[in-house]
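Engineer: What follows is a single structure, and I will ask about it in a moment.
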Amino acid sequence: MDNSTLDGILFYSIDGKLIDNLSLNNNVLDNKKEIKTSKEFNIALKKVTQKDINFLQNKVINIIKNIKKNLAMNNTFIQNEIDDDIKNIDNIINDVEGLISKLIIDKNSIKIGIFSSNKKAKKQEAKNLEKSINYLSKSLNDIISIKNEYNKLIDRTKSLDELQVYDKEEEKQKEDPLERTINFYMKRQS
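If you want the numbering used here, it's the 1-based position in the sequence shown plus 493.
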């Protein structure tokens, strides 16, 4: 980054004091350096990510249950079972889209003319199908937003696997030679 992009950015220290951005070393803001994290941090972050994935899984299960319940309340029944496993989120989206298409075709096939029999029943059936289509469209939007969140979590998990990890023991072994020498002589004097 050049200093022209840093001009509009204000940096603060932990105690809230303003830090002059010109005194910042460019290495601090260097994105090209490898990121090293501790093993414990990665494990904790993976656990949190897995909890988020489980939360999204429960949301998908509840959406599918509510879809089935709503369709049953509107006297619309489905032949095929909708999968509720978040790992198959693309299949879930395709199933719901297919169901919406089927209901639209069913609704458009209802013809109510001047001399039609059972006008009231046909109007009610069309109204129920319309309610089901609207509910499925809303649910589809929710599932798509869950898919986006799920993909972000999966990408984050994959990027965690790619990060270079260091152990605290390994870090202790890489002590500064000068520090070891000073420690050696300090112990020898006591």
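C-beta: ideal position from N, C-alpha, C; glycine also.
So, I647 versus I546, is the Cβ gap smaller than 9 Å?
Structural biologist: Within the sequence shown, residue 647 is the residue found at index 154, counting from 1. Within the sequence shown, residue 546 is the residue found at index 53, counting from 1. Yes, they are a contact pair.
Engineer: Could you check the C-alpha separation between K552 and K615 for me, to the nearest Å?
Structural biologist: Locating residue 552 in the sequence shown gives position 59, counting from the first residue. Locating residue 615 in the sequence shown gives position 122, counting from the first residue. The straight-line gap from Cα to Cα measures roughly 34 Å.
Engineer: Measuring straight from C-alpha to C-alpha, what distance separates I556 and D578?
Structural biologist: Locating residue 556 in the sequence shown gives position 63, counting from the first residue. Locating residue 578 in the sequence shown gives position 85, counting from the first residue. Looking at the two C-alpha atoms, the distance is approximately 12 Å.
Engineer: Kindly say whether K580, judged by its beta-carbon, lies nearer than 9 Å to any beta-carbon of chain D.
Structural biologist: Considering every chain present, this structure includes no chain D. It has just one protein chain.
Engineer: Rounded to whole angstroms, what's the CA-CA distance from L629 to S602? Just pull it up for me.
Structural biologist: To locate residue 629, count along the sequence shown from 1; it is residue 136. To locate residue 602, count along the sequence shown from 1; it is residue 109. Straight-line Cα distance between these residues: approximately 19 Å.
Engineer: Measuring only the C-alpha atoms, how far is K631 from K612?
Structural biologist: Position 138 of the sequence shown, counting from 1, holds the residue named residue 631. Position 119 of the sequence shown, counting from 1, holds the residue named residue 612. For K631 and K612, the distance between alpha carbons rounds to 29 Å.
Engineer: Among the candidates R681, S652, I675 and P670, whose CA atom is the shortest distance from the CA of L538?
Structural biologist: Here residue 538 refers to the residue found at position 45 of the sequence shown. Among R681, S652, I675 and P670, the Cα nearest to that of L538 is on S652.
Engineer: Between the Cα of I593 and those of N581, L622, N568 and G606, spot the shortest distance and give me the residue it belongs to.
Structural biologist: Walking along the sequence shown from the start, residue 593 turns up at place 100. When only C-alpha atoms are compared, the closest one is L622.
Engineer: Taking the alpha helix (DSSP H) that N584 falls in, what are its first and last residues?
Structural biologist: In the sequence shown, residue 584 corresponds to position 91, counting from 1. Looking at the DSSP string, the run of the alpha helix (DSSP H) that includes N584 is I582 to S602.
Engineer: Helix, strand or coil for I605, going by three-state DSSP, please let me know.
Structural biologist: The count along the sequence shown starts at 1 and reaches residue 605 at position 112. Looking at I605 - three-state DSSP - the assignment turns out to be coil, as it is neither helix nor strand.
Engineer: For S625, which residues from the same chain have a beta carbon less than 7 Å from its beta carbon, with the 5 sequence-adjacent residues on both sides left out?
Structural biologist: What you label residue 625 is simply residue 132 of the sequence shown in a count that begins at 1. Same-chain partners within the cutoff: N563, L564, N567, T569 and L596.
Engineer: If you measure between the beta carbons of L633 and V589, is that distance less than 9 Å?
Structural biologist: For this step, residue 633 is matched to residue 140 along the sequence shown. For this step, residue 589 is matched to residue 96 along the sequence shown. In contact: L633 and V589 (Cβ atoms closer than 9 Å).
Engineer: Rounding to the nearest angstrom, what Cα-Cα distance links T674 and F534 in this structure?
Structural biologist: Taking the sequence shown and counting its residues from 1, one reaches residue 674 at position 181. Taking the sequence shown and counting its residues from 1, one reaches residue 534 at position 41. Looking at the two C-alpha atoms, the distance is approximately 32 Å.
Engineer: If you check the beta carbons only, do I536 and I582 fall under 9 Å apart?
Structural biologist: The count along the sequence shown starts at 1 and reaches residue 536 at position 43. The count along the sequence shown starts at 1 and reaches residue 582 at position 89. Cβ atoms of I536 and I582: not closer than 9 Å.
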